[in-house]
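If you're matching positions, the sequence shown starts at 87 in the numbering used here and goes up one per residue. First up is the structure itself, then whatever we jot down about it.
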Amino acid sequence: MSFVPIVCGKKDWDKQYDQSTQYSSLYCPNCHNFNVHPVKRREFISIWFIPVFPIFIGKQLVCPTCNWRQDFKNDEQLQKVVREQQNIRQGKTGG
Ligand SMILES: [Zn+2]
């Protein structure tokens, strides 16, 4: 009789949230680059690399440069972030 260990792990996906360019280069408060974009995030517990149990499903802002993440709830909240960031950018170019 052979012993087969159960391989447990975590599997996650980032799916593109929106194609529109207004969301594609947002400001990252961590590394100060304009690389942040929104994704649909899914995390599963996996057994033998097969996802079986969801532990997180939601929307996040992601910075690919430093891996900073922040949850957001809906389009409204995302657009609020975009508006705030436009103010930041205008403030920066002004001085
Ligand atoms: Zn960053």
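Here a beta-carbon is modelled for each residue, glycine too, at the ideal position from N, C-alpha and C.
Own chain residues within Cβ distance below 6 Å of residue i, not counting five before or after
i: Gln-148; result: What sits at residue 148 in the sequence shown is Val, not Gln. The residues are Val-125 and Arg-155.
i: Tyr-103; result: Pro-124, Val-125 and Lys-126
i: Ser-111; result: Phe-120
i: Ile-143; result: Arg-128
Distance CB(residue i)-CB(residue j) smaller than 8 Å
i: Lys-97; j: Pro-137; result: yes
i: Cys-114; j: Cys-152; result: yes
i: Phe-158; j: Lys-145; result: yes
Distance cut-off 7 Å: residue i Cβ against heavy atoms of ligand 1
i: Cys-94; result: no
i: Gln-107; result: Note that residue 107 is Thr in the sequence shown here, rather than Gln. Every heavy atom of ligand 1 is 7 Å or more from the Cβ of Thr-107, so no.
Residue environment, residue i, which counts as buried when at least 16 other CB atoms sit within 10 Å
i: Val-122; result: buried
Close Cβ partners of residue i (< 8 Å) along its chain, the five nearest in sequence each way excluded
i: Gly-181; result: Because the pLDDT at Gly-181 is just 49, under 50, the model does not fix this residue reliably, and the value given afterwards should be weighed accordingly. So the list is empty, once near-sequence residues are dropped.
Span of the beta strand (DSSP E), counted from its first residue to its last, around residue i
i: Cys-117; result: That residue, Cys-117, is in no beta strand (DSSP E); it is neither H nor E in DSSP.
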